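J.: Got a structure for you, written out below as structure tokens; questions coming shortly.
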Amino acid sequence: MVLPYQLPLSVIFVDLNGLKLINDSYGHDQGDELLRTISGKMLIYQREGDIFVRYGGDEFVLLLPYTPYDVAYSLADKIKNSDTLKISGRFPSEWVSISLGVATKTGIEDSVEDIILEADRMMYEDKLRKSRKHKNSIIEGIQSNPRLLRKWDQKHAENVADHAGKIAEKMGLDPYLQELVKKAALVHDIGKITIPSKILNKDASLSQKELELIRRHPESGYQILRSVDEYASVAMIVLSHHEWVDGSGYPEKLKGEDIPLASRIIAVADSYDAMTSGCTYTDCKTMEEAIRELRACAGTQFDPEVVSVFIEEVLLSGKY
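Under the UniProt record's numbering, think of the first position of the sequence shown as 1, with each following residue one higher.
Structure, rendered in structure tokens:
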């Protein structure tokens, strides 16, 4: 209950942008740590007599007794533009931002619930204004972070896109689908940014838990890409690029033509480049050795038609 002498009562409604993406891509442990960090940082702005509470999954409310609207708005603006809420972690800092809404109860007849709802509505308008900018920053945040780019091997991605584009062309896919295949190939391993470097770079055998983390990267990539309008069209392709045609791949154990054709194409291109380029000198295979490996795995790991087109019409055509 708000007493008359506590008026005006202002509300700052805070929404944390990016929590769902971090939960989906990095796991709930990272999301929970982010919530704790944000809560701790927000307490800096809590004055004596103010009340700061978590209101929902990614929402917080700051109640400000004896505070007119202009003072509350000024505080919200200070919070929004402060470096205090810049977060660092395993994820790109650009993935995290806040949206704010402010409302004020001036009369005893106004309910606190209505004022909170009004602040929520104002927050949502702020969120909509930021939405496109935030989505674009998801990929930009990765591209501008050298630590993450080392996990997402751009040279390998470009090689895979080149191979996959040639396969798509030789298979007679229409130009739009050819471009879609190349676009997906360029980001097929983007989910690897969520894997700790010590696991990605480990020389010794991986533990079962580490292997499970590695195998999560198609799902993490899917979650990242579906959050970005420009890349949403290739998210499902990336999700399925480690499926095997015999049904023993991951993450969904899809089989045969249930696997998108673009994913089947990328699987062949990815494996070929891994065998011939993404390796140490002693581990690298020659083109002939890699061809034998692809043929041996056709019908189990790889689509036989895709393998045949890649070998006969791309690698051995004399024009590659």
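Backbone N, C-alpha and C define an ideal beta-carbon position, used for all residues, glycine too. Since we're looking at a predicted model, the values are computed, not measured.
1. Quick check on Thr104: buried or exposed, where buried means 16 or more other Cβ atoms within 10 Å of its Cβ?
2. Pop quiz: Ala185 and Ala269 are said to be a contact at Cβ under 8 Å. What is the actual Cβ separation, rounded to whole angstroms?
3. Anyone know if the C-beta pair for His167 and Ile265 falls short of 8 Å?
4. Nearest by alpha-carbon distance to Phe302: which of Pro92, Cys284, Ser248 is it?
5. Do three or more CB pairs link the region 30-48 to the region 15-22 at distances below 8 Å?
6. When burial is assigned at 16 or more other CB atoms within 10 Å of the CB, is Ala204 buried or exposed?
7. Would a C-beta distance cut-off of 8 Å place Val71 and Ile116 closer than the cut-off?
8. Whole angstroms is fine: what's the gap from Lys198's alpha carbon to Ala164's?
9. Following the continuous alpha helix (DSSP H) through Lys20, name the residue where it begins and the one where it ends.
10. Spell out the partners DSSP gives Asp15 in its beta bridges.
11. What does Val53 pair with, by DSSP beta-bridge criteria?
12. Assuming Glu243 and Leu225 make a contact with CB atoms under 8 Å, what is their CB distance in whole Å?
13. Nearest-angstrom Cα distance between Lys170 and Arg121?
14. Note down, in chain order, each residue of its chain lying with its Cβ closer than 6 Å to the Cβ of Ile259, except the 5 sequence neighbours on either side.
15. Rounding to the nearest angstrom, what Cα-Cα distance links Thr276 and Lys285 in this structure?
16. Do three or more CB pairs link the region 208-218 to the region 228-237 at distances below 8 Å?
17. According to DSSP, which residues form a beta bridge with Thr194?
18. May I have the straight-line CA-CA distance separating Leu34 from Asp174, to the nearest angstrom?
19. Considering only residues of the same chain and omitting the five flanking positions on each side of Tyr281, which have a CB-CB separation below 8 Å?
20. In angstroms, rounded to a whole number, what distance separates the CA positions of Glu94 and Ile139?
21. Please name the residue or residues paired with Ala298 in a DSSP beta bridge.
22. At 4 residues or longer, and completely inside the region 235-292: list those alpha helix (DSSP H) runs for me, N to C.
23. Output the boundary residues of the alpha helix (DSSP H) element that contains Glu219.
24. Consult DSSP for Val314 and reduce its assignment to one of helix, strand or coil.
25. Would you mind working out which of Thr106, Asp77, Lys192, Ile237 sits nearest Ser25, comparing C-alpha positions?
26. Mapping the DSSP letters down to three states, classify Thr37 as helix, strand or coil.
27. Since Gln178 is in the alpha helix (DSSP H), which residue starts that stretch and which ends it?
28. Would a C-beta distance cut-off of 8 Å place Ser10 and Leu64 closer than the cut-off?
29. Where do the N-terminal and C-terminal ends of the alpha helix (DSSP H) with Gly165 fall, by residue?
T.: By the coordinates alone:
1. For the purposes of this step, residue 104 is taken as the residue at position 104 of the sequence shown. Buried is the call here.
2. For the purposes of this step, residue 185 is taken as the residue at position 185 of the sequence shown. For the purposes of this step, residue 269 is taken as the residue at position 269 of the sequence shown. That pair is a contact at about 6 Å.
3. The residue you call residue 167 lines up with position 167 of the sequence shown. The residue you call residue 265 lines up with position 265 of the sequence shown. This sequence places Ile at residue 167; His is not what is there. Cβ distance < 8 Å, so Ile167 and Ile265 count as in contact.
4. The count along the sequence shown starts at 1 and reaches residue 302 at position 302. Nearest of Pro92, Cys284, Ser248 to Phe302, Cα basis: Ser248.
5. yes
6. As a first step, residue 204 must be located in the sequence shown, where it is residue number 204. The residue in question, Ala204, is exposed, as its Cβ has fewer than 16 Cβ neighbours within 10 Å.
7. For this step, residue 71 is matched to residue 71 along the sequence shown. For this step, residue 116 is matched to residue 116 along the sequence shown. In this structure, Ile116 does not lie closer than 8 Å to Val71 by Cβ.
8. The residue labelled residue 198 in the question sits at position 198 within the sequence shown. The residue labelled residue 164 in the question sits at position 164 within the sequence shown. Their Cα atoms are separated by approximately 30 Å.
9. Numbered from its first residue, the sequence shown carries residue 20 at position 20. Here the alpha helix (DSSP H) through Lys20 covers 19-26.
10. Along the sequence shown, one-based indexing puts residue 15 at 15. Looking at the DSSP assignment, Asp15 forms a beta bridge with Glu59, Ser99.
11. Residue 53 sits at position 53 when you count from the first residue of the sequence shown. DSSP lists Val61 as partners of Val53.
12. On the sequence shown, residue 243 is found 243 positions in, with the first residue counted as 1. On the sequence shown, residue 225 is found 225 positions in, with the first residue counted as 1. The Cβ separation is near 17 Å, so there is no contact.
13. Walking along the sequence shown from the start, residue 170 turns up at place 170. Walking along the sequence shown from the start, residue 121 turns up at place 121. Approximately 53 Å, taken between the alpha carbons.
14. Sequence index remark: in the sequence shown, residue 259 carries index 259 (1-based). So the list reads Ser240, Glu243, once near-sequence residues are dropped.
15. Taking the first residue of the sequence shown as position 1, residue 276 is located at position 276. Taking the first residue of the sequence shown as position 1, residue 285 is located at position 285. Roughly 5 Å separates the two Cα atoms.
16. Cβ pair count under 8 Å is below three, so no.
17. Position 194 of the sequence shown, counted from the start, is the residue given in the question as residue 194. Paired residue(s): none; Thr194 is not in a bridge.
18. To locate residue 34, count along the sequence shown from 1; it is residue 34. To locate residue 174, count along the sequence shown from 1; it is residue 174. The straight-line gap from Cα to Cα measures roughly 44 Å.
19. The sequence position of residue 281 within the sequence shown is 281, counting from 1. Interpretation of Tyr281 is limited by its pLDDT of 47, a score under 50 that renders its predicted location unreliable; no figure is taken from the coordinates.
20. Locating residue 94 in the sequence shown gives position 94, counting from the first residue. Locating residue 139 in the sequence shown gives position 139, counting from the first residue. The straight-line gap from Cα to Cα measures roughly 9 Å.
21. Taking the first residue of the sequence shown as 1, we reach residue 298 at position 298. BP columns for Ala298 point to Phe302.
22. 235-239, 261-276
23. In the sequence shown, counting from the first residue as 1, residue 219 sits at position 219. First-last of the alpha helix (DSSP H) with Glu219: 217-226.
24. Here residue 314 refers to the residue found at position 314 of the sequence shown. Val314: helix per DSSP, three-state reduction.
25. Residue mapping note: residue 25 aligns to position 25 of the sequence shown, counting from 1. The shortest C-alpha separation from Ser25 is found at Lys192.
26. Translated into positions along the sequence shown, residue 37 becomes position 37. If DSSP states are grouped into helix, strand and coil, Thr37 belongs with the helices.
27. Locating residue 178 in the sequence shown gives position 178, where the first residue counts as 1. Residues 175-186.
28. For the purposes of this step, residue 10 is taken as the residue at position 10 of the sequence shown. For the purposes of this step, residue 64 is taken as the residue at position 64 of the sequence shown. Yes.
29. Sequence index remark: in the sequence shown, residue 165 carries index 165 (1-based). For Gly165, the uninterrupted alpha helix (DSSP H) segment begins and ends at 154-170.
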